[in-house]
Each structure stands twice: as structure tokens, then as C-alpha cells.
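A quick write-up on the structure given underneath.
Residue numbers (the working numbering): 235 to 598.
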């Protein structure tokens with residue numbers, strides 16, 4: 235049994251402002267050890283208001299790519315599977331079809347005509363400068379050459395987009411199939427392609443995303459918006475996992491409230507993703523708002539009683555007992571295990587509080 239009494243039973247007395255016997259509690263060392271009691275000092279930490287939110291994991295836009303058809307054709311070979319890791323430039327699939335041949339044919343024809351048109355243009359320009367040829371002939375030759383040059387340049391760029399070697403095409407060495415390659419490094423996702431699929435420009439074939447380059451999009455209710463700013467710390471918990479968090483930082487804040495959910499979208503950058511967070515995964519998170527230096531006690535050290543919060547401060551001890559004083563704490567709720575001491579300046583920095591067993595002694 236623990237007991238409290240009004241008279242001091244210690245040799246080491248506290249200051250006069252701590253000697254109100256009506257608030258004092260005496261416990262013997264034997265009681266202290268038998269009941270598993272313990273003392274704790276105030277710890278100085280950076281803490282603040284905790285805002286609980288939820289959201290979803292997304293990939294940064296520059297770390298994902300949608301692969302679409304650029305030219306008409308049919309898929310003749312699929313070279314990757316969903317989930318495969320690919321490097322930039324790796325072969326994804328092969329297309330074949332008349333449109334591919336026709337594009338090369340048009341380029342080869344223009345490429346063959348271009349030297350002739352260029353020579354005629356230069357000849358007409360010389361004759362015009364010597365006032366031998368008419369301006370009309372010169373302008374017509376220039377128009378034909380520049381039009382062919384524009385066609386040649388446009389067709390060349392189109393062939394480069396589908397990975398066709400235009401030097402070979404210029405020598406009439408045409409191919410009937412082309413290979414689509416990976417525009418970025420990442421995992422293959424959302425495959426919508428099989429052998430024989432007809433592809434037209436814009437057809438969505440597959441996606442590639444780097445699963446480690448993720449951020450978390452969170453929804454903060456408008457009542458919690460005040461005090462939010464970029465740079466605040468965020469603890470991220472994969473849905474259903476409360477055993478450990480992943481550290482993050484607020485990187486951007488939307489300034490528009492969603493009409494239906496009455497929430498504001500914010501983005502948190504993940505410090506380091508070891509693969510725990512996957513794109514599309516739902517998460518819970520805690521934003522640490524208004525961080526500041528403060529002193530804390532274990533929650534077990536304080537007791538709520540009649541609208542106030544109390545703790546037991548050690549004000550003296552001798553060889554056989556401890557003398558404790560019930561003191562009021564201006565508590566700030568932080569986490570389940572911690573309480574901020576708002577009036578910490580009223581106590582010595584080395585003050586010791588009863589951190590286990592306070593409830594019984596204060597309420598009895």
C-alpha cells in the first residue's frame with residue numbers, strides 16, 4: 235500500500251514555496267521499490283501540435299512515363315512483362331505495318347530529289363545575280379528546294395521518333411518493323427498490349443514508373459489548415475501499419491479547398507523510400523505543426539483531476555523515504571506517451587517527477 239501524509243518525513247527539505255504540507259505526499263523507499271515506481275526528469279525536445287491526415291502515394295511526374303503509339307502498325311513482339319525493371323533506351327515492343335514502310339519511302343524519295351533541287355536553286359540564284367535568269371525562275375527554284383528541305387527535315391524527325399536509321403533509309407534500305415524503347419528508367423506497369431494489337435498514334439500501350447521516386451499527397455481538413463507551411467515534418471504510416479513511420483517533409487500546399495471533402499491537398503516529400511511505400515498505396519500521416527522547443531513528461535506522470543492536470547514533484551528525500559509535492563502542470567497534449575509542460579519555467583531544470591504510480595497517489 236502507498237500512503238500520503240501531511241507532515242514532512244525527510245531530512246532534505248524543499249524551498250518554502252514547495253512546503254505546503256496539504257499538497258505533500260510521503261512514500262517509503264520500500265513502498266517505492268515494491269510498487270515499481272520511478273522518477274523522470276523533464277526532457278527538452280522540439281515538438282508541436284499533431285495533425286492526423288490520410289492520403290495516397292504518387293510518383294513524381296518526371297519519374298513516370300506513358301508509352302503510346304507514334305505510328306500505325308500491329309504489335310509483332312512484346313519484349314517486357316509487367317513489373318520488369320527497364321533502363322532508358324531498353325527495347326519494349328516491336329511494331330510492323332505498311333505505314334512504317336510508307337514513311338521511309340517518302341523520306342527516301344525526298345532525300346533523292348533534294349540534291350537535284352538544291353543544285354537547280356543554286357544555279358538559278360547565280361543566273362539571277364548575273365541578270366541572266368528571271369526573278370520568277372529563281373523564286374520558283376528556291377520555293378521547290380525549301381519545300382523539299384522542310385519535308386526532308388520533318389520526315390527525318392518522324393523516323394528518328396520510331397528509331398529508324400535515316401542514313402540506311404536514304405540508301406533505300408527500308409525496314410518493315412520498328413522497336414519502341416523505354417523513355418525513362420523504372421518498372422513497367424499498366425500494360426495494355428498483346429501480340430497482334432493494332433496501334434495508332436496515341437494508343438496507350440504501357441506505363442513506366444520509378445517506384446522509389448515517390449511523394450505522398452495528403453488531405454488536410456480546412457479546420458487544421460492554419461499554421462501549415464512547407465518544411466514541416468511529417469511522419470508517414472503505410473495503411474494498417476502503426477509500428478514504424480517514414481519521415482517526410484511538406485513540399486507544397488494547395489490553396490484551394492475541395493468543395494466536397496472540405497479539405498486542402500498538400501504534398502509531402504519522402505526522405506528515403508526503401509520500397510515500403512508503393513505508388514497507389516494509401517497511407518496515414520501525422521503533420522507536426524507549429525514546432526517549438528518545449529519540455530515534456532511521460533503521460534503517465536500527469537493526472538487529470540477536476541479540470542486541472544497534476545504531477546508529483548520530488549522535493550526531498552532521506553535514507554528511508556521520498557517527499558513529493560502535488561503541483562499543477564499546464565499540459566499540452568503531444569502524443570499518446572508524452573505531455574508538454576507549458577509552465578516548465580516554474581520548475582528547476584533538474585526537477586524529478588514521479589513517472590509511474592502518480593495516478594494512485596494523486597487521486598487517493
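Note that the Cβ used here is the ideal one computed from N, Cα and C, for glycine as well.
In the displayed model, residue 494 falls within coil according to three-state DSSP, outside both helix and strand. Distance between residue 494 and residue 520, taken at the CA atoms: about 22 Å. Using a C-beta cut-off of 8 Å, the region 453 to 469 makes no contact with the region 421 to 441, since fewer than three inter-stretch Cβ pairs fall below that distance. In the structure shown, residue 511 adopts coil according to DSSP, grouped into three states. The C-alpha of residue 421 lies about 37 Å from the C-alpha of residue 458. The C-beta distance from residue 410 to residue 304 rounds to 16 Å, too long to meet the 8 Å contact threshold. Rounded to the nearest angstrom, the Cβ distance from residue 444 to residue 293 is 7 Å, consistent with a contact under 8 Å. Counting C-beta pairs with one atom in each stretch, the region 562 to 582 and the region 533 to 544 have three or more that are closer than 8 Å, which means they touch.
Between residue 358 and residue 375, the C-beta spacing is below 8 Å. Under the Cβ criterion (8 Å, minimum of three pairs), the region 521 to 534 counts as touching the region 458 to 467. For residue 478, DSSP records no beta bridge to any residue.
Looking at 449, 571, 278, the one whose alpha-carbon comes closest to that of residue 502 is 449.
One thing to note: residue 414 has its Cβ no nearer than 8 Å to the Cβ of residue 442.
The criterion of a C-beta distance shorter than 8 Å is satisfied by residue 345 and residue 386.
The continuous beta strand (DSSP E) containing residue 328 extends over residues 325 to 330.
In the assembly as shown, residue 403 is a buried residue. Its beta-carbon has 16 or more other beta-carbons within 10 Å.
Short of 7 Å from the beta carbon of residue 438, and not among the five residues preceding or following it, lie these beta carbons of its own chain, in chain order: 300, 302, 426.
Shown here for residue 532: same chain residues with a beta carbon closer than 6 Å to its own, the five before and five after excluded, namely 274, 589 in chain order. When secondary structure is reduced to three states using DSSP, residue 387 falls in the helix class. Under DSSP, no beta-bridge partner is assigned to residue 597. A straight-line Cα-Cα distance of about 28 Å links residue 347 and residue 435.
Proximity to residue 460 across 263, 284, 258 peaks at 284, based on C-alpha coordinates.
In the same chain as residue 289, and ignoring 5 residues on each side of it, the C-beta atoms closer than 7 Å to its own belong to 450, 451, 452, 453, 517, 519, in chain order. Straight-line measurement puts the Cα of residue 440 at about 5 Å from the Cα of residue 424. By alpha-carbon distance to residue 318, the top candidate from 591, 447, 416, 576 is 416. Bounds of any beta strand (DSSP E) do not take in residue 506, whose DSSP letter is neither H nor E. Contact check for residue 551 against residue 592 fails: the beta carbons are separated by 8 Å or more. Bounds of any beta strand (DSSP E) do not take in residue 365, whose DSSP letter is neither H nor E. Ranking 408, 553, 337, 389 by CA distance to the CA of residue 263 puts 553 first.
If you draw a straight line from the Cα of residue 505 to the Cα of residue 571, it is about 25 Å long.
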